[in-house]
Every structure is written in structure tokens, then in C-alpha cells.
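Here's the structure we're looking at; comments come further down.
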Amino acid sequence: MQSLRGTKDILPNEIANWQDIYIKVQQLFNICNYYEIRTPILEQTDLFCRSIGNDTDIINKEMYSFKDQGKRNITLRPEGTASIARAYIANKMYKNGKISKLWYLGPMFRYERPQKGRQRQFHQLGIECIGSSSPIADTEVIRIANKILQIFCLNNYTIEINSIGNSKEREKYKEKLKEYLNQYKKDLDEDSKKRLDTNPLRILDSKNLQTKQILYDAPKLKSYLEFTSLNHFDQVCKHLTYLEIPYIVNNKLVRGLDYYNYTAFEIKTDQLGAQETICGGGRYDELIEQLGGPMTPSVGWAIGIERLLILIKSQLNNQIKPLNIYVIAKGIEAQKQAWNVIRIIEECQINFNLDLTESNLIKQLKQANLLKARMCLIIAEEETKYNYITAKWLKNGNQEKIELSYLKAYLNAHKYLLKN
Ligand code: ATP
Ligand code: MG
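Dropping the structure here:
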């Protein structure tokens with residue numbers, strides 16, 4: 001049986017990369033006081049419909065939804081922000097009046113056409129800064145996204161940023177944009193034609209050349225923004241400039257989710273083919289209130305881990321780490337002694353593998369070689385009889401007899417050789 005289309009097994013030889021990402025971002029988040037949160041993968045379908053927006057790709061065609069045994073409408077989460085907003089409200093996290101800085105890493109599910117960097121089960125690392133309307137909150141989250149890419153030594157990427165204003169400003173603009181595009185309706189690509197009535201802003205994002213040309217003279221969103229929106233954006237840009245974080249203003253950038261306002265941003269790279277966006281985010285000041293919580297201005301982003309991994313793959317080490325000690329025990333008495341040996345190895349914090357094949361000594365030594373073990377600790381008949389352990393170094397075949405009581409000192413003394 002194969003895994004489902006668009007899903008992947010993450011095998012032991014790849015796990016080190018995933019752990020490396022987790023450990024490095026965790027260190028960063030500890031320093032800047034972001035706390036990890038883990039919300040359920042299953043949520044009520046309604047949560048996503050009410051937050052992401054009915055005329056978006058995710059809600060229209062990408063959700064994994066089903067009815068459970070109790071006839072409830074359930075969806076496998078397609079993204080993290082809606083769930084975290086729900087958790088924030090359900091757990092009354094606003095009660096302490098403080099700003100909540102949260103991060104998450106976990107699987108998301110979208111029914112899309114699988115291709116390089118696009119899966120049906122994929123993973124996002126994301127942060128949500130909940131409770132501040134300040135432009136420095138926007139700047140801080142963008143700074144952290146940038147920092148993470150720097151930690152993984154990436155440099156071929158561009159931060160694009162835009163202000164999409166508030167919902168009132170956008171409504172006004174949508175009407176004007178629709179008016180303009182309707183004149184060229186027959187020349188628009190099929191997707192854009194459909195979006196004209198449902199979600200005209202998304203047309204700005206079209207990759208179709210002819211549509212792009214038509215958009216060239218379209219009314220600009222920026223002309224419909226009022227002082228507060230413009231000022232907020234201006235502040236964010238100024239702070240980014242002060243931080244010397246390179247960015248470009250893309251006034252056609254809109255996001256695929258409805259809940260954003262003011263700042264929208266994406267980090268793009270030309271190294272992922274069509275899947276050029278590695279990080280997407282923005283400000284969402286109304287979402288929490290819209291879901292029944294208090295007014296709570298917030299801002300966040302999500303990075304796609306599979307895309308991040310493609311970018312950092314070349315620097316990563318895919319090999320399974322070499323083994324330090326291979327433990328071989330022959331016969332029941334020897335096996336009992338092996339438990340004592342293992343306890344000592346563990347105390348020394350050295351990695352080991354206990355042979356479970358019970359095959360002959362030659363085969364077991366072969367196996368140790370295959371696993372690239374540095375040393376074998378052997379307990380066979382002679383060893384049991386005279387109460388010692390044989391340490392055999394695989395590199396040169398040297399052997400030593402060691403008493404159990406001396407084993408700890410021996411291993412500690414040779415730790416350097418074992419581990420390097
Ligand atoms: P795209 O335009 O590529 O479909 P999106 O706008 O739908 O992206 P977001 O919802 O903003 O993506 O999600 C943030 C990030 O999550 C993306 O930039 C990408 O890195 C990653 N991502 C989104 N969908 C997928 C997917 N199906 N497979 C792998 N990664 C994904
Ligand atoms: Mg998408």
C-alpha cells in the first residue's frame with residue numbers, strides 16, 4: 001500500500017533535518033519570548049468558513065472535511081491562525097491582559113494538486129503575535145521570519161510587503177476594481193473571470209500575462225487607503241529600513257485569506273519553481289472579535305517546512321550518525337550481564353545498539369561494521385566464565401579485557417575516540 005497522494009512518509013534519515021529545524025527555532029523563540037502552542041488538528045468546519053472566508057481557494061476547494069460518527073462537521077486544519085484564534089478565545093488567554101506571543105509547528109491539510117513544494121499534508125511553522133496594534137509588532141514578526149531564514153543561511157529570497165488597508169477601504173476599492181476589470185472581462189483568464197464577482201482582489205495576484213497587462217492601468221489599492229492605514233504601513237517600512245532588512249513594496253500583493261488587514265507580506269524565492277512563496281503572513285485585527293472574542297489586534301505568519309527543507313537541503317547532513325558502541329551478548333548469563341553493561345554506557349551518555357539477532361559472533365561483528373560502530377563490547381562464554389568484558393575496536397581490531405567495575409572509567413577515558 002502506498003501513502004495517500006500528496007502525503008509523504010518522513011523517514012529516519014530525514015528526521016534529523018526536521019529535528020534540527022525544531023531545535024533551532026525553539027532556541028530563537030525562547031530568546032524572544034514566544035511560547036509554543038499545540039492545537040488540535042481537527043476543528044469544526046465552521047471555524048475555517050467563518051475566518052478564512054467563503055470565496056477563498058481554501059474554503060472553496062481545498063478543505064478536508066467530513067462528518068464524524070456523531071454527524072458533526074469536522075475539518076482537518078488547513079492552516080494555523082484560525083485554530084490559535086479559537087484557542088485564544090476558548091482558553092480566555094486575553095484575561096491576563098498581556099500580549100500573547102505564540103509559535104507552532106505542525107501538519108496542515110489542503111486538497112491541492114501535488115507537485116514539488118506542494119503537498120496535501122504539509123507542515124507549517126508559524127507565529128502569532130496577539131494583542132498589539134503597534135507597527136513594531138508587524139516589524140518584529142517580519143524580523144523573526146527573516147532571522148529564521150538567516151539561521152539556515154539562506155540568502156536568495158525577497159521580502160515583499162504591502163498594505164491592504166481595512167475592510168471599509170477594501171470594499172470601496174473592490175467596487176472600483178470590478179468596474180475597471182468588467183470592461184475587459186472577455187480578455188481575462190478563466191480564473192480571474194470567476195473571481196470578478198466573488199473575490200476580485202485575488203485577481204491582482206494573477207500570473208496570467210494578459211491579465212497582468214490589463215491590471216497595469218487598474219486603479220491602485222493604495223489610492224483608497226486613508227491616513228491610519230498609510231501611516232501604519234509607513235511606520236512598518238521605516239522600522240524595516242532601520243533594521244536594514246531588505247524588502248520591496250509590492251502593491252499588488254494580496255493574501256489568499258480574508259482575515260488580513262493593513263500589513264500583508266510574503267517571502268519569495270526563485271529557487272522553488274512555481275511554488276515561490278516560502279512564508280506568508282500579515283495583520284489580522286478583526287479575526288478574534290469576529291470569532292466571538294474581544295477586539296484583539298494581531299499579526300503573524302507561516303513558513304512552509306517542506307519548501308524550507310528544499311532550500312536548505314544542500315547544507316544538511318542526511319546521513320545517519322555513526323554508532324558508538326555495539327553490544328554483543330551470547331547466552332542467557334551473558335545477556336543478563338549485558339543489562340549491566342548497557343546501564344553503564346547510558347550513564348556515560350554514549351550511544352549504543354544492543355544486538356538482537358542472536359546470530360553467531362562473526363555475523364554480529366559484521367553487523368556492527370555495517371552500522372559503522374566504533375567499538376564492540378562482547379560478552380560470550382569466556383567472558384561470562386571469568387567475569388570480564390571484551391572491548392573490540394573495529395578500526396584496528398585491537399581488543400582489551402575489562403572488568404565490569406572498571407568499564408565506566410574505561411568508557412569515560414575513551415569517550416573522545418568513541419564519539420569522533
Ligand atoms: P501558495 O500560493 O503557494 O498556494 P498560500 O498563499 O496558499 O501559498 P499560505 O496559506 O500563505 O500559502 O501558507 C503559508 C506557507 O505555507 C506558504 O508560503 C507555503 O510555504 C506553505 N504552503 C501552503 N500550502 C502548501 C502546500 N500545499 N504544500 C506545501 N507547503 C504549502
Ligand atoms: Mg495555496
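Per the UniProt record's numbering: the sequence shown = residues 1 to 420.
Where a beta carbon is used, it is the ideal one built from N, C-alpha and C, also for glycine.
Quantities reported herein were computed from a predicted structural model and do not represent experimental measurements.
Go ahead and label residue i buried or exposed: buried means 16 or more other beta carbons lie within 10 angstroms of its beta carbon, across all protein chains shown.
i, result
"K92", "exposed"
"L417", "exposed"
"Y326", "buried"
"P297", "buried"
"A87", "buried"
Give the DSSP-derived three-state secondary structure of residue i in the structure shown.
i, result
"R77", "coil"
"I84", "helix"
"K71", "coil"
"N261", "strand"
"L404", "helix"
"S163", "strand"
"L105", "strand"
"R118", "strand"
"L371", "coil"
"Q364", "helix"
"K222", "helix"
"S359", "coil"
"F158", "According to the sequence provided, residue 158 is Thr. The question's Phe does not apply to it. Reduced to three states, the DSSP call for T158 is strand."
"I127", "strand"
If contacts are defined as beta-carbon pairs under 8 angstroms, then residue i and residue j qualify, I think. What distance do you get, rounded to the angstrom?
i, j, result
"F109", "Y157", "The pair is not a contact, with the Cβ atoms about 26 angstroms apart (cut-off 8 angstroms)."
"K169", "S229", "Looking at the sequence shown, residue 169 is not Lys but Glu. E169 to S229, Cβ: 6 angstroms. Contact."
"L257", "I130", "Incorrect: roughly 16 angstroms between the Cβ atoms, too far for contact."
"L102", "I37", "5 angstroms"
"N261", "E289", "So it is not a contact: roughly 12 angstroms between Cβ atoms."
"E128", "G300", "4 angstroms"
Residue range of the alpha helix (DSSP H) that residue i falls in?
i, result
"I148", "P135 to I151"
"Y173", "S167 to N182"
"A16", "P12 to I31"
"L354", "Premise fails: L354 lies in the beta strand (DSSP E), F352 to L354, not in any alpha helix (DSSP H)."
"residue 421", "Any property of residue 421 remains undetermined from this structure, which presents the chain solely from 1 to 420."
"I59", "Taken as a continuous stretch (DSSP letters only), I59 belongs to no alpha helix (DSSP H), as it is neither H nor E."
"E347", "I332 to E347"
"E43", "Unbroken run through E43 is the beta strand (DSSP E), L42 to Q44; no alpha helix (DSSP H)."
"I310", "I305 to I312"
"Y247", "Careful: Y247 lies outside any alpha helix (DSSP H) and carries neither H nor E."
For residue i, report the span of its beta strand (DSSP E) as first-last.
i, result
"L377", "M375 to I379"
"T390", "I389 to W393"
"I325", "I325 to A329"
Under a CB-based cut-off of 7 angstroms, is residue i close to chain B?
i, result
"S132", "Within the model displayed, chain B is absent; a lone protein chain is all it includes."
Taking only runs that begin and end inside the region 273-298, name each unbroken beta strand (DSSP E) of 3 or more residues, in chain order.
277-283
With distances taken from each beta carbon to the nearest heavy atom of the ligand GTP, which residues come in below 6 angstroms, in chain order?
No copy of the ligand GTP occurs in the structure displayed; its ligands are the ligand ATP and the ligand MG alone.
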